[in-house]
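Q: Got a structure for you, written out below as structure tokens; questions coming shortly.
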Amino acid sequence: MGRDVVVLPTLPEPKGVLAKALRGLTKKPGDVATLPARTHMVMEHRVAVSRLAAYCAETGFALRDEMPATWLHVLTFPLQTEAMAADDFPFPLAGLVHVTNDMTLHRPLRVDEVLRVSVRAGNLQPHAKGATFDMVGEVHVGDELVWHGTSVYLAGGARVAGDAPPPVRLAAPSVAPSQEWRLPGDLGRRYASVSGDHNPIHLNALTARLFGFPRPIIHGMWTHARAVAALGGELPDAYRVRVQFAKPILLPAKVGYGVVREDGQWRFAVVNREGKPHLVGELSVARRGEP
Amino acid sequence: MTSRTAVVVGGNRTPFVKAGGRYADASAQDLLTAALDGLVARFGLAGQEVGEVVAGAVLKHTRDFNLTREAVLGSALSPHTPACDLQQACGTGLEAVVYASNKIRLGQMDVAIAGGVDSASDAPLVVTERLRKAMLALSRARSLPDKLTALARIRPADLAPVPPAVVEPRTGLSMGESQALTTAKWGITREEQDDLALASHRNLGAAWDAGFFDDLVTPYLKVARDSILRADTSKEALAKLRTVFGKGEAATMTAGNSTALTDGAALVLVAEEEYARGRGWPVWAKVVDAQVAASDYVTGREDLLLAPTRAIPVLLERNGLTLDDFDFFEFHEAFASTVLATLKALEQNGVGTVDRSKLNVKGSSLAAGHPFAATGGRIVASLAKMLHERGPGSRGLVSICAAGGQGVVAILEA
Numbered sequence: 001m002g003r004d005v006v007v008l009p010t011l012p013e014p015k016g017v018l019a020k021a022l023r024g025l026t027k028k029p030g031d032v033a034t035l036p037a038r039t040h041m042v043m044e045h046r047v048a049v050s051r052l053a054a055y056c057a058e059t060g061f062a063l064r065d066e067m068p069a070t071w072l073h074v075l076t077f078p079l080q081t082e083a084m085a086a087d088d089f090p091f092p093l094a095g096l097v098h099v100t101n102d103m104t105l106h107r108p109l110r111v112d113e114v115l116r117v118s119v120r121a122g123n124l125q126p127h128a129k130g131a132t133f134d135m136v137g138e139v140h141v142g143d144e145l146v147w148h149g150t151s152v153y154l155a156g157g158a159r160v161a162g163d164a165p166p167p168v169r170l171a172a173p174s175v176a177p178s179q180e181w182r183l184p185g186d187l188g189r190r191y192a193s194v195s196g197d198h199n200p201i202h203l204n205a206l207t208a209r210l211f212g213f214p215r216p217i218i219h220g221m222w223t224h225a226r227a228v229a230a231l232g233g234e235l236p237d238a239y240r241v242r243v244q245f246a247k248p249i250l251l252p253a254k255v256g257y258g259v260v261r262e263d264g265q266w267r268f269a270v271v272n273r274e275g276k277p278h279l280v281g282e283l284s285v286a287r288r289g290e291p
Numbered sequence: 001m002t003s004r005t006a007v008v009v010g011g012n013r014t015p016f017v018k019a020g021g022r023y024a025d026a027s028a029q030d031l032l033t034a035a036l037d038g039l040v041a042r043f044g045l046a047g048q049e050v051g052e053v054v055a056g057a058v059l060k061h062t063r064d065f066n067l068t069r070e071a072v073l074g075s076a077l078s079p080h081t082p083a084c085d086l087q088q089a090c091g092t093g094l095e096a097v098v099y100a101s102n103k104i105r106l107g108q109m110d111v112a113i114a115g116g117v118d119s120a121s122d123a124p125l126v127v128t129e130r131l132r133k134a135m136l137a138l139s140r141a142r143s144l145p146d147k148l149t150a151l152a153r154i155r156p157a158d159l160a161p162v163p164p165a166v167v168e169p170r171t172g173l174s175m176g177e178s179q180a181l182t183t184a185k186w187g188i189t190r191e192e193q194d195d196l197a198l199a200s201h202r203n204l205g206a207a208w209d210a211g212f213f214d215d216l217v218t219p220y221l222k223v224a225r226d227s228i229l230r231a232d233t234s235k236e237a238l239a240k241l242r243t244v245f246g247k248g249e250a251a252t253m254t255a256g257n258s259t260a261l262t263d264g265a266a267l268v269l270v271a272e273e274e275y276a277r278g279r280g281w282p283v284w285a286k287v288v289d290a291q292v293a294a295s296d297y298v299t300g301r302e303d304l305l306l307a308p309t310r311a312i313p314v315l316l317e318r319n320g321l322t323l324d325d326f327d328f329f330e331f332h333e334a335f336a337s338t339v340l341a342t343l344k345a346l347e348q349n350g351v352g353t354v355d356r357s358k359l360n361v362k363g364s365s366l367a368a369g370h371p372f373a374a375t376g377g378r379i380v381a382s383l384a385k386m387l388h389e390r391g392p393g394s395r396g397l398v399s400i401c402a403a404g405g406q407g408v409v410a411i412l413e414a
């Protein structure tokens, strides 16, 4: 069976996708054997400077011509949602938990480059609490792969045949936090407007409660971006960054950030008052030809 | 102590853009960081410690109290690079170069980065004085009645933000209105002003076309050239513009012969001469000497923007030079009439005559735009390169007028 390629003229507007996703709430996954073999793609995406600027202002990056890797993930996100909102996609979008993320920026990517953005689902795996799958995003300039990323999601309650592989665990650096971040109560709405991720769990207490959170939680990808931005001028030109989302941050919040640099790689964690990690990550210099 | 010389080895700036344009979403810190990124890349400074980075901004948020240091921390320079914010209105960029050069000459450092940034798009909005005082009282209040009392003092009209204005606090006149007085006093005609503006656009356009700015400017946010530049403008087009400063029939100043509000950042790399040679950097020009002066403008006896005419004779005297000893004059074009009145005053005061064929030969602020604190860095880097191209012994005079009736002037020599 060949892969379907769905070419969209532009990145879908996130709010429309959200409506589609809400219709998917009635999906009852149960036994799942496969994911749709389909790639969603936008052939020529031109970055709007004002959107990049708003993203950078909200996440702590300086507004440069060279774009942050986490911003490229944001560009793939509407396609991820589009793919997962499809009728034949087995899991309801709203119940998915983003567990880990792994992305590589292969070279500095400038704001004036024309990007081909694509997303596909794959790697369905059994998990102790359900099933996991990967959303794989790629950004090309011409034929050159300049960014790729894998978001691993957990679909609770689903059943996939086989034994669950051992979970990947990143180790938090054993270092006292050197930064304190104050996350205001409206940060979820603010990040939703710059990222296009309007998942109701991030927006306000009422919508968060519908999904079992006492207060809105900040997007994991905000925490991820902020943690990378915190490296400031040390951030290499090309890098791979992996993060594990350990525990949601309820808004408003005060969290700590600690980072160590050893053997040419950075290990960082965003932690709560007790030092328990919300997010753990590793960042290393990407070299040509490496995955 | 052996003699030490401070030299300009290069520079980098963003293209300059009209306020509210393509840089509308960039903060002053973003712009300064962008200029720094380009300089660091051009001179291979990533990971290295620079003696000091000194820069400033005229329109400045309180959150930017450490603007330059924050830009350094966001750059690839070593975090051990110290930084300093300095501000003297439009003289900021040149004063930063003077500060850095003096420290280098004194042996306090070997290499420095100097310049400035301004974003009229990112200008801070201020709240009304009544609202500010009420909010401060509210933050001090401990009991509920105290808090309510503080809140009750706020009137609806207090909630409107106070837009920034470039107005002299002591005269209440905007810079354009002040300059209109100077223009009339010195009898500067509309035609002279438009001619100077036209020359600025033609010269800057020709310099861009010749690739002069290839190693002086790094593109930013999809902008590769100064966006105010109208290389194809004409005397007729400039003559059609309506006047914006001055009153009635006598008004001569237009948007064409006055600088526009501009966003941009410019930096210069300054080093001790032997140190620069040791690193294989080009030695473009020495920073020979500088002078500041101020005018008695509040009383109306003197002109707001003609303080350089007080500084120039002092500087020439100290260095045993006359206006005939210079190959290039870089006189900042706050307004065309500022430059023309400066030339007239220098003649009238017996200082000498500026050869117009040597004036702003690569264009100046009328065509490039004028992000206040960035102008000094733009001028110094361009002039140093021009002198380097002209050859050893060639000399240039920089003159920049600033708010508060101040002026800063400097001599560069290849």
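Heads up: the protein sequence lines correspond to chains A and B, in order. Numbering of the first sequence is given in UniProt numbering, commencing with residue 1 and proceeding in unit increments. Numbering of the second sequence is given in UniProt numbering, commencing with residue 1 and proceeding in unit increments. The beta carbon of each residue, even a glycine, is placed where N, CA and C say it ideally should be. No experiment lies behind these values; they were computed from the predicted model shown.
1) Please report whether the beta-carbon of A134(B) lies at a distance below 8 Å from any beta-carbon of chain A.
2) With H, G and I counted as helix, E and B as strand and the rest as coil, what does DSSP make of residue 415(B)?
3) Quick one: measure Cβ to Cβ for P126(A) and A161(A), integer angstroms, because I've assumed they're closer than 8 Å.
4) Does DSSP put L250(A) in a helix, a strand or coil?
5) Inspect the beta-carbon positions of M67(A) and L109(A) and report whether they are closer than 8 Å.
6) Quick one: what's got a C-beta closer than 8 Å to R38(A)'s C-beta in the same chain, skipping five residues either side?
7) Between the Cα of R287(A) and the Cα atoms of P236(A), V260(A), V243(A), which residue gives the shortest distance?
8) If you follow the alpha helix (DSSP H) that N319(B) is in, where does it begin and where does it stop?
9) I need the straight-line Cα distance from G56(B) to L67(B), nearest angstrom please.
10) Under 8 Å by Cβ, that's how I've got V280(A) and A230(A) pegged, so tell me the actual separation to the nearest angstrom.
11) If you measure between the beta carbons of V361(B) and N203(B), is that distance less than 8 Å?
12) Determine the chain A residues that contact T353(B) at a beta-carbon separation under 8 Å, and present them in chain order.
13) So, helix, strand or coil for A106(A), using DSSP?
14) Using a Cβ-Cβ cut-off of less than 7 Å, list which residues of the stretch 225-236 of chain A approach chain B; keep chain order.
15) For L75(A) versus V139(A), is the C-beta spacing smaller than 8 Å?
16) What residues of chain A sit near T33(B), judged by a beta carbon separation below 9 Å?
17) On the CB-based measure, 16 or more other CB atoms within 10 Å of its CB, does S143(B) come out buried or exposed?
18) Compare the C-alpha of A176(A) against each of R267(A), D263(A), L72(A) and name the closest.
19) On the three-pair Cβ rule with 8 Å, is the stretch 357-375 of chain B touching the stretch 78-91 of chain B?
20) Y23(B) by DSSP, collapsed to three states: which one?
21) Going along the chain, which residues of its own chain have a beta-carbon closer than 7 Å to the beta-carbon of A128(A), five neighbours each way excluded?
22) Would you report the Cα separation of A33(A) and P200(A), rounded to the nearest angstrom?
23) Are the CB atoms of V292(B) and G407(B) within a distance shorter than 8 Å?
24) Just verifying my parser: in three-state terms, what is the DSSP assignment at M253(B)?
25) If you draw a straight line from the alpha carbon of D195(B) to that of H201(B), how long is it in whole angstroms?
26) How is the alpha helix (DSSP H) around V40(B) delimited, first residue to last?
27) Terminal residues of the continuous alpha helix (DSSP H) containing L210(A)?
28) Check whether the Cβ of D263(A) lies closer than 8 Å to any Cβ atom in chain B.
29) Can you tell which of P92(A), H198(A), G220(A) has its C-alpha closest to the C-alpha of P29(A)?
30) Less than 8 Å between CB atoms is the rule here; does D112(A) satisfy it with respect to chain B?
31) What residues from chain B crowd round S50(A), counting only those whose CB sits closer than 8 Å?
32) For the beta strand (DSSP E) holding D303(B), just list the boundary residues, first then last.
33) State the start and end residues of the unbroken alpha helix (DSSP H) segment that holds Q193(B).
34) By how many angstroms is the C-alpha of L316(B) removed from the C-alpha of A184(B)?
35) Check whether the stretch 173-192 of chain A touches the stretch 139-152 of chain A, taking contact to mean three or more Cβ pairs, one atom from each stretch, closer than 8 Å.
A: So, to answer that:
1) Taking 8 Å as the threshold, the shortest C-beta distance from A134(B) to chain A does not fall below it.
2) This structure does not reach residue 415(B), given that chain B is present from 1 up to 414, and the question cannot be answered.
3) 7 Å between Cβ atoms; contact.
4) Looking at L250(A) - three-state DSSP - the assignment turns out to be strand.
5) In terms of Cβ geometry, M67(A) and L109(A) form a close pair [threshold 8 Å].
6) Around R38(A), the same chain offers R3, D4, V5, V6, A83, A86, R120, A121 as residues with beta carbons nearer than 8 Å, after the five sequence neighbours per side are excluded.
7) From the listed residues P236(A), V260(A), V243(A), the smallest Cα separation to R287(A) is found for P236(A).
8) If you look at N319(B), you'll find it in the alpha helix (DSSP H) that goes 308-319.
9) Roughly 7 Å separates the two Cα atoms.
10) Rounded, the Cβ-Cβ distance is 14 Å, inconsistent with contact.
11) Cβ distance < 8 Å, so V361(B) and N203(B) count as in contact.
12) Residues of chain A passing the Cβ test: none, with the nearest at roughly 45 Å.
13) One detail in the question is off: residue 106(A) reads as His in this sequence, not Ala. Judged by DSSP in its simplified three-state form, H106(A) adopts coil rather than helix or strand.
14) Residues passing the 7 Å Cβ filter: G232, G233.
15) Yes, these two residues count as a Cβ contact at 8 Å.
16) A62, L63, R64, G233, listed in chain order.
17) Exposed is the call here.
18) Measuring from the Cα of A176(A), the nearest candidate turns out to be R267(A).
19) In this structure the stretch 357-375 of chain B touches the stretch 78-91 of chain B; the number of beta carbon pairs closer than 8 Å is three or more.
20) Of the three classes helix, strand and coil, the one that applies to Y23(B) here is coil, per DSSP.
21) These residues qualify, in order along the chain: A164.
22) Cα atoms of A33(A) and P200(A): separation of roughly 29 Å, rounded to the nearest angstrom.
23) Taking a C-beta distance under 8 Å as the contact criterion, G407(B) and V292(B) qualify as a contact pair.
24) Of the three classes helix, strand and coil, the one that applies to M253(B) here is strand, per DSSP.
25) Approximately 10 Å between the Cα atoms of the pair.
26) Where V40(B) is concerned, the enclosing alpha helix (DSSP H) stretches over 28-42.
27) Looking at the DSSP string, the run of the alpha helix (DSSP H) that includes L210(A) is 205-210.
28) Not closer than 8 Å to any Cβ of chain B, the Cβ of D263(A) fails to qualify, so no.
29) Ranked by how close their Cα comes to the Cα of P29(A), the residues P92(A), H198(A), G220(A) have P92(A) in first place.
30) It does; some Cβ of chain B falls within 8 Å.
31) Identification of chain B residues near S50(A) by a Cβ-Cβ cut-off of 8 Å yields A24, D25, ordered along the chain.
32) D303(B) -> no beta strand (DSSP E), and no H or E assigned at all.
33) Under the DSSP assignment, Q193(B) falls in the alpha helix (DSSP H) whose first and last residues are 190-209.
34) If you draw a straight line from the Cα of A184(B) to the Cα of L316(B), it comes to about 28 Å.
35) No, they do not touch.
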